[in-house]
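Enquirer: Got a structure for you, written out below as structure tokens; questions coming shortly.
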Amino acid sequence: QKEVEQNSGPLSVPEGAIASLNCTYSDRGSQSFFWYRQYSGKSPELIMSIYSNGDKEDGRFTAQLNKASQYVSLLIRDSQPSDSATYLCAIYNNNDMRFGAGTRLTVKP
Amino acid sequence: EAGVAQSPRYKIIEKRQSVAFWCNPISGHATLYWYQQILGQGPKLLIQFQNNGVVDDSQLPKDRFSAERLKGVDSTLKIQPAKLEDSAVYLCASSLVVNRLEQFFGPGTRLTVL
């Protein structure tokens, strides 16, 4: 069974802080990794994709991938109340996209 | 650029009835996906099309679910007959090609089975 695990939260951080979201996966052959943001009642929206080990930065977001540890994370710097949402980790391998259940993030003003 | 379109946005049916959902992907996107998202869970991939061919349908409950993508553009997903556990949001997504995996989601169809 290919599993994608995320802490369901809620994760609460104050405005301006760094939010750290984590995801582990079981399928060692996984090739591609994604972070999606989903506001309540809305559909997922792609934030970041990462394909190789290391860090990838895009604005306030940094994705980190460690294939040896089967671990991918998302850091959100200078968190804003508008970042309050559920963050979904998604892993792709061999025509199969698997999503975690998501971590609910609340950024308090 | 227009996004992924889905209809209807909401549907309420009774168990054992049939229902169909429609999806129009982003123009030029060859790959189309249908997902089921149950409340509190992540999306679950049901079926993936590349143009009008099926790439993967291993998680599609084929005894009651069917999907087609005629002419490689629009797609329909059908449930016949519906069960209570089919209550979920059905999401359609598209990507440019199968190896460009950045997927863009439509607004979804919320199905309630009574």
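So the sequence lines, in the order shown, correspond to chains A and B. Position 9 of the first sequence, counted from 1, bears residue number 202 in my numbering, the numbering being contiguous throughout. Position 38 of the second sequence, counted from 1, bears residue number 40 in my numbering, the numbering being contiguous throughout. All residues carry an ideal CB built from backbone N, CA and C; glycine is no exception.
1. Just the chain A side, please: which residues come within less than 8 Å of B/Pro-27 by C-beta, in chain order?
2. Identify the contact partners of B/Glu-104 in chain A, using a Cβ-Cβ distance below 7 Å as the criterion.
3. Verify the CB distance criterion: does B/Pro-109 have a CB-CB separation below 7 Å to chain A?
4. Distance check for A/Leu-298 and A/Gln-273, CA to CA, integer angstroms please.
5. Among B/Gly-55, B/Lys-64, B/Asp-65, B/Lys-17, which one has its Cα closest to the Cα of B/Asp-76?
6. Using the three-state DSSP reduction, which class does A/Glu-208 fall into: helix, strand or coil?
7. What residues in the region 258-277 of chain A have a beta carbon less than 8 Å from any beta carbon of chain B?
8. Kindly indicate if chain A contains any beta-carbon less than 7 Å away from that of B/Gly-5.
9. Would you say the region 19-37 of chain B touches the region 255-275 of chain A, given that touching needs at least three Cβ pairs under 8 Å?
10. Roughly how many angstroms lie between the CA atoms of A/Gly-247 and B/Leu-86, to the nearest whole one?
11. For A/Ser-245, which of helix, strand or coil comes out of DSSP?
12. Rounded to whole angstroms, what is the Cα-Cα separation between B/Leu-74 and B/Val-91?
13. Spatial neighbours of B/Ala-4 within its chain, please: CB distance less than 8 Å, with the 5 preceding and 5 following residues excluded, ordered by chain position.
14. For A/Ala-283 and B/Lys-17, I'd like the C-alpha separation in whole angstroms.
15. Starting from the Cα of A/Arg-253, find the closest Cα among A/Gly-293, A/Ser-201, A/Gly-209 and give me that residue.
16. Any C-beta of chain A within less than 9 Å: which residues of the region 33-61 of chain B qualify?
17. Does A/Leu-281 get closer than 7 Å to chain B when you measure Cβ to Cβ?
18. Can you list, in chain order, the residues of its chain whose CB lies under 8 Å from that of B/Leu-103, leaving out five sequence neighbours each side?
19. So, under 8 Å CB-CB, B/Thr-111 and B/Pro-45 are touching, yes? Tell me the CB distance rounded to an integer number of Å.
Expert: Straight from the coordinates:
1. Residue 27 of chain B sits at position 25 when you count from the first residue of the second sequence. Result: empty, since nearest Cβ-Cβ is about 14 Å, beyond 8 Å.
2. For the purposes of this step, residue 104 of chain B is taken as the residue at position 102 of the second sequence. Neighbours of B/Glu-104 on chain A, chain order: Leu-239, Ser-242.
3. As a first step, residue 109 of chain B must be located in the second sequence, where it is residue number 107. Closer than 7 Å to some Cβ of chain A, the Cβ of B/Pro-109 qualifies, so yes.
4. Position 80 of the first sequence, counting from 1, holds the residue named residue 273 of chain A. Position 105 of the first sequence, counting from 1, holds the residue named residue 298 of chain A. So the two alpha carbons sit approximately 11 Å from each other.
5. Indexing the second sequence from 1 puts residue 76 of chain B at position 74. Ranking the options by Cα distance to B/Asp-76, first place goes to B/Gly-55.
6. By one-based count along the first sequence, residue 208 of chain A stands at place 15. Looking at A/Glu-208 - three-state DSSP - the assignment turns out to be coil, as it is neither helix nor strand.
7. none
8. On the second sequence, residue 5 of chain B is found 3 positions in, with the first residue counted as 1. No, no contact with chain A.
9. no
10. On the first sequence, residue 247 of chain A is found 54 positions in, with the first residue counted as 1. On the second sequence, residue 86 of chain B is found 84 positions in, with the first residue counted as 1. Taking the straight line from one Cα to the other gives about 44 Å.
11. For the purposes of this step, residue 245 of chain A is identified with residue 52 of the first sequence, where counting begins at 1. Coil, per DSSP.
12. Position 72 of the second sequence, counting from 1, holds the residue named residue 74 of chain B. Position 89 of the second sequence, counting from 1, holds the residue named residue 91 of chain B. According to the sequence shown, residue 74 of chain B is Gly rather than Leu. Spanning the two alpha carbons is a distance of roughly 23 Å.
13. Your numbering for residue 4 of chain B matches position 2 in the second sequence. Ile-28, Ser-29.
14. Here residue 283 of chain A is taken as the residue at index 90 of the first sequence, counted from 1. Here residue 17 of chain B is taken as the residue at index 15 of the second sequence, counted from 1. Approximately 31 Å, taken between the alpha carbons.
15. For the purposes of this step, residue 253 of chain A is identified with residue 60 of the first sequence, where counting begins at 1. Here the closest residue by C-alpha is A/Gly-209.
16. Tyr-35, Tyr-37, Gln-39, Gly-42, Gln-43, Gly-44, Pro-45, Lys-46, Leu-47, Gln-50, Val-57, Asp-58, Ser-60, Gln-61
17. Counted from its first residue, the first sequence places residue 281 of chain A at position 88. Taking Cβ atoms only, chain B reaches closer than 7 Å to A/Leu-281, which makes this a yes.
18. Residue 103 of chain B sits at position 101 when you count from the first residue of the second sequence. Answer for B/Leu-103: Ser-97, listed in chain order.
19. Mapped onto the second sequence, residue 111 of chain B falls at position 109. Mapped onto the second sequence, residue 45 of chain B falls at position 43. In fact, because the Cβ distance is near 13 Å, the residues do not count as touching under 8 Å.
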